[in-house]
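Residue numbers (my numbering): 136 to 594.
Below is one structure, written out as structure tokens; the observations come after it.
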Ligand SMILES: NC(=O)c1ccc[n+]([C@@H]2O[C@H](COP(=O)([O-])OP(=O)(O)OC[C@H]3O[C@@H](n4cnc5c(N)ncnc54)[C@H](O)[C@@H]3O)[C@@H](O)[C@H]2O)c1
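As structure tokens, then:
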């Protein structure tokens, strides 16, 4: 669809291209809501996309994007020959393929690009793409290094292109339900959050399969290295790039960023001001230079959106038993537990009366004093005043087959079509990525990192 037609649709009405319908579900309060991806879009409003980085998530993202009505794939770019061949096998022989992403950006028939490369290319390709007039869906973390973030934000502002970071949890209906509960105040004052993403398997620890034909003929190694230090071809550094600091951001940059995205979406927080982390390489000693266990504590100062609270997070790639633990958002009067696709909320009100008896000092007083204290307590408080009140547990489960990535892409394409705000813009993306990246810094320097989330700068 050309820009003039899109501008026209935008002008006549923010929702003119949308027909509401589809499956409705019941929210945490029993009210009926419609999933983002169930808001139907007329398919004569075509958006043509290209994929840059046709690896694992490139496939997930493209397949998901193509489920949104009116989205068409025209081109694929990758640095490994086998992945370009696969793109044609899977998405059709007419797909244009190239090793050079600039050829994609030069095409007039590409409206938007999905950037699914290793992390060290995110900022370069995002900036070039927006300058070339393309809308961008860029995988998380938005940048490889904190200092690269501002240029992405500036380019988005200058070009006015739609820019969405690909941490799909930001568009999840589960996150939206947790946000509703958090904002209702039912858990009292937020004081502590805990979220982990532990794994045990080799694929979970990023030991992905390396093809038997990996060599300098099939891989464009010189281009791949990009702004990283020049080193000779190494298939592990290409196909298992996450394990090397030159191309990836380690467990913190890669996985904490999802947890931070979730937390910031739920609490509307702009981020912590202190980040402490410990990093170890304990188990996956396969030549990698990235940690396989990182734990972190972050201090969120009081802001207008929330009270001061602490955030504990961890990824252990050689986990012996805690994988799948729910995230815990803990307030002074309750807890939101977020599992995979489900939420439980427990809350209570403390009694008006202070505790008396039991594990208390009263039994250590003289008999006469115990009787006096008991009389005084009974005179002040009724039985009602002594009761704890527990609210009925609130639960929510996403519908069977629910896909938050589809909701995230729906949000991206809706923004292109109607000008609606994306769920995860460049500023949000940097505020989620920077504390995660600061964990690597804290672990390496063995000291806390002070972060100015407002100005988005390390202090
Ligand atoms: N949102 C999510 O849930 C999620 C999940 C997994 C990965 N990711 C992110 O997606 C990105 C890709 O991860 P992956 O697991 O798919 O990696 P991958 O190694 O499977 O694929 C990356 C591809 O990028 C290509 N590439 C690298 N530099 C390029 C360049 N300059 N031009 C063209 N192609 C280039 C490589 O050839 C490779 O095929 C990472 O940033 C990762 O953090 C996000």
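Built from N, CA and C at the ideal position, the CB exists for glycine as well.
Do residue i and residue j have their C-beta atoms closer together than 8 Å?
| i | j | result |
| --- | --- | --- |
| residue 542 | residue 308 | yes |
| residue 412 | residue 430 | yes |
| residue 234 | residue 254 | no |
| residue 598 | residue 241 | Nothing can be reported for residue 598, as the shown portion of the chain is limited to 136 through 594. |
| residue 446 | residue 328 | yes |
| residue 257 | residue 274 | yes |
| residue 571 | residue 392 | yes |
| residue 201 | residue 211 | no |
| residue 209 | residue 228 | no |
| residue 284 | residue 591 | yes |
| residue 286 | residue 262 | yes |
| residue 399 | residue 566 | yes |
| residue 359 | residue 374 | no |
| residue 419 | residue 390 | no |
| residue 353 | residue 217 | yes |
According to DSSP, residue i sits in a beta bridge with which residue or residues?
| i | result |
| --- | --- |
| residue 331 | 449 |
| residue 248 | 185, 271 |
| residue 415 | 428 |
| residue 240 | Residue 240 is not bridged to any residue. |
| residue 477 | 532 |
| residue 215 | 354 |
| residue 284 | Paired residues: none, contrary to the question. |
| residue 234 | Per DSSP, none; premise fails for residue 234. |
| residue 466 | 325, 469 |
| residue 586 | 593 |
| residue 208 | 184 |
| residue 298 | 271 |
| residue 399 | According to DSSP, residue 399 bridges with nothing at all. |
| residue 370 | Answer by DSSP bridge pairing: none, since residue 370 is not bridged. |
| residue 167 | 161 |
| residue 482 | 469 |
| residue 444 | 435 |
Hey, would you say the C-beta of residue i is under 7 Å away from at least one heavy atom of ligand 1?
| i | result |
| --- | --- |
| residue 419 | no |
| residue 232 | no |
| residue 189 | yes |
| residue 586 | no |
| residue 416 | no |
| residue 135 | With the chain covering only 136 through 594, there is no way to say anything about residue 135. |
| residue 252 | yes |
| residue 285 | no |
| residue 225 | no |
| residue 166 | no |
| residue 214 | yes |
| residue 339 | no |
| residue 256 | yes |
| residue 237 | no |
| residue 389 | yes |
| residue 221 | no |
| residue 361 | yes |
| residue 307 | no |
| residue 334 | no |
| residue 423 | no |
| residue 380 | no |
Any heavy atom of ligand 2 closer than 7 Å to the Cβ of residue i?
| i | result |
| --- | --- |
| residue 356 | Although ligand 2 was asked about, the structure shown includes only ligand 1 as ligands. |
Every unbroken alpha helix (DSSP H) within the segment 496 to 570, with a cutoff of 4 residues, ordered by chain: 502 to 515, 539 to 553
Three CB pairs or more closer than 8 Å across the segment 436 to 453 and the segment 488 to 506: no
Cβ contact (3+ pairs, closer than 8 Å) linking the segment 274 to 294 and the segment 397 to 410: no
Inter-stretch contact (C-beta, 8 Å, three-pair minimum) for the segment 326 to 333 and the segment 452 to 460: yes
The segment 375 to 384 contacting the segment 346 to 355, beta-carbon criterion three pairs below 8 Å: no
Three-pair Cβ contact test at 8 Å for the segment 313 to 325 versus the segment 572 to 579: no
Touching by the beta-carbon criterion (3+ pairs, under 8 Å), the segment 164 to 175 and the segment 532 to 551: yes
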